[in-house]
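The next block holds one structure in the form of structure tokens; read it before the comments.
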Amino acid sequence: MSYCTRIRTHLVVAIFSLFLWMLSFAADPVPEHGRSSVQMTKAAQAFIESLDNEQRKATVFSLDVDERATWSNLPIIMVEPNGMLIGDMNEDQRVATHQLLRASLSSQGYAKFTGIMQLDDLLHEIETEQLSNDSEGGNDPFRKAFIATRSSGNYVVAIFGEPGAGDWGWKLAGHHAAVSFTVSDGRVGFTPTFLGSSPMTIDSGRYAGWMALPHEGSRGIEFMQSLTGQQQQAALIHAVVADDVFEGPGRRASLSKYEGLKADELSVQQMRLLQVLVSEYVRNVDFDTADAQLELIAQTGWDELWFSWRGAIDQDGEFYYRVHGPRLLIEYNRQNANHDHIIVRDPRNDYGEDWLETHYKEYHPTLEEAIETARRRATSEP
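This note's numbering puts the first residue of the sequence shown at 198, with every later residue one more than the last.
What follows is the structure in structure tokens.
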């Protein structure tokens with residue numbers, strides 16, 4: 198047997214052995230105590246146990262209420278979510294909240310969510326200093342009230358259903374971070390998820406250079422720039438980003454409409470970059486939840502994903518991209534050079550609707566209504 202033949206034989210055996218190992222690993226279930234659904238249920242039960250009776254009335258709801266689908270990217274003074282404010286919790290309740298977050302999220306997801314919440318505290322410092330230096334607008338009650346809501350304490354937690362006694366869910370909601378989890382028959386859903394950061398990058402002070410969402414924008418640009426000229430032309434929908442492009446709450450009508458470049462036109466290397474991009478979003482949740490969602494995407498076909506782009510194709514300009522398929526919608530919107538928003542949806546199973554065989558009505562006020570609400574609260578009008 199020649200040297201080359203021996204090498205080929207050893208290589209085939211190694212690949213086949215690896216394939217068998219992967220099959221056995223995939224078939225071996227995660228021990229029950231290590232599953233996300235089990236850990237989340239225990240953490241939610243501990244959180245509920247920490248509440249008194251009045252707090253439970255304001256925090257624990259029926260699973261079928263439409264309030265499950267109430268969330269917003271607007272500050273709490275403009276749209277007040279239902280649930281218990283972290284700022285109103287005692288230390289034990291805050292610890293229980295973070296235990297529930299950690300049970301639901303991966304390390305990267307926990308860092309992103311808590312980083313965004315802390316970013317509101319930094320925003321409060323920055324905007325308070327700006328207000329004190331503004332001789333003309335420093336006495337504006339609306340502006341003062343708006344700045345006062347910038348706080349990591351202005352996020353709410355709400356539980357839906359009874360953890361451990363059938364299907365249930367929980368929600369974190371506030372400015373620039375919202376997620377709706379569903380637990381059903383050992384499965385975990387995590388959509389919709391919304392995250393945002395402003396500033397996107399801290400440009401001065403003790404945290405200069407820090408980013409709460411470090412890769413979502415750059416991975417999108419890397420993928421777009423990997424495309425050929427013809428592929429970019431297919432993906433580019435418009436050179437300017439429209440104001441109403443984002444599929445936020447109350448805007449699910451277009452979740453079945455695909456646009457741009459279909460993934461079956463990608464090379465092997467481009468497909469790998471697309472998978473890396475998708476994983477950046479999906480793997481914000483704990484490992485087995487993320488694995489299950491990625492498997493759903495694979496079952497419907499990675500080739501069935503569509504990629505579209507609006508705006509500039511560089512790091513400095515405003516841009517928007519979308520990755521869309523039967524079991525996935527990812528949107529990234531860089532509103533300006535230092536402010537971005539992201540959203541993740543499952544068009545078939547937001548809020549666990551497919552599992553629960555129900556439908557929730559999303560509600561979101563118009564911007565004009567939200568501004569009027571904020572002004573009324575700021576001036577203490579009835």
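Idealized CB from N, CA, C, for every residue including glycine.
Residue nearest to residue i in terms of C-alpha spacing, selected from the options
i	options	result
residue 187	286, 533, 566 and 269	Outside the displayed range of the chain (198 to 579) lies residue 187, so it cannot be described from this structure.
residue 288	509, 328 and 350	350
residue 255	278, 236, 235 and 242	278
residue 524	239, 296, 497 and 549	497
residue 414	249, 536, 337 and 340	536
residue 341	507, 397 and 323	323
residue 509	437, 475 and 573	437
residue 369	397, 519, 295 and 551	295
residue 558	239, 242, 232 and 267	267
residue 493	462, 544 and 364	544
residue 461	491, 427, 501 and 439	501
residue 573	398, 519 and 275	275
residue 393	539, 548, 552 and 243	539
residue 476	456, 397, 457 and 412	412
residue 363	259, 527, 479 and 302	259
residue 280	481, 478 and 352	352
residue 458	425, 439 and 478	425
residue 356	403, 241 and 336	241
residue 518	321, 386 and 418	418
residue 251	286, 435 and 398	286
residue 282	305, 306 and 253	253
residue 398	439, 454 and 534	534
residue 261	379, 243, 304 and 321	379
residue 463	440, 454, 427 and 439	427
Check whether residue i and residue j have beta carbons under 8 Å apart
i	j	result
residue 265	residue 381	no
residue 247	residue 300	no
residue 273	residue 325	no
residue 338	residue 575	yes
residue 594	residue 245	Past the boundaries of the shown model lies residue 594; the chain is included only from 198 to 579, so the question cannot be answered.
residue 474	residue 516	no
residue 298	residue 481	no
residue 180	residue 386	Because the chain spans 198 through 579 in this model, residue 180 falls outside it and cannot be assessed.
residue 503	residue 456	yes
residue 360	residue 238	yes
residue 384	residue 435	no
Cβ of residue i within 8 Å of any chain D Cβ
i	result
residue 528	Absent from the structure is chain D; it holds one protein chain and no more.
Residue burial classification, residue i (beta-carbon count within 10 angstroms, cutoff 16)
i	result
residue 416	buried
residue 529	buried
residue 578	At residue 578 the pLDDT is 48, less than 50, meaning the model places this residue with poor confidence; the figure from the coordinates comes in the next sentence. Classification for residue 578: exposed.
residue 348	buried
residue 219	Note on residue 219: pLDDT 47, under 50, position unreliable in the model; the coordinate value appears next. Exposed: under 16 other Cβ atoms inside 10 Å.
residue 263	exposed
residue 565	exposed
residue 422	exposed
residue 521	buried
residue 542	buried
residue 249	exposed
residue 409	buried
residue 331	exposed
residue 329	exposed
residue 233	buried
residue 222	At residue 222 the pLDDT is 45, less than 50, meaning the model places this residue with poor confidence; the figure from the coordinates comes in the next sentence. Looking at its Cβ environment, which holds fewer than 16 other Cβ atoms inside 10 Å, residue 222 is exposed.
residue 336	exposed
residue 290	buried
residue 547	buried
residue 512	exposed
residue 505	buried
residue 403	exposed
residue 490	buried
residue 406	exposed
residue 306	buried
Beta-carbon separation (whole angstroms), residue i vs residue j, contact threshold 8 Å
i	j	result
residue 156	residue 499	Past the edges of the chain, shown from 198 to 579, lies residue 156, and the structure says nothing about it.
residue 343	residue 571	7 Å
residue 452	residue 553	In fact, because the Cβ distance is near 18 Å, the residues do not count as touching under 8 Å.
residue 354	residue 367	7 Å
Check: residue i C-beta below 7 Å from any heavy atom of the ligand SAH
i	result
residue 482	The ligand SAH is not among the ligands present in this structure, which contains no ligands whatsoever.
Counting Cβ pairs closer than 8 Å, one from the segment 481-495 and one from the segment 462-470, do we hit at least three?
-> no
Is the number of C-beta pairs between the segment 312-322 and the segment 359-378 that are closer than 8 Å three or more?
-> yes
Could you tell me whether the segment 302-310 touches the segment 428-441, using the rule of 3 or more Cβ pairs below 8 Å?
-> no
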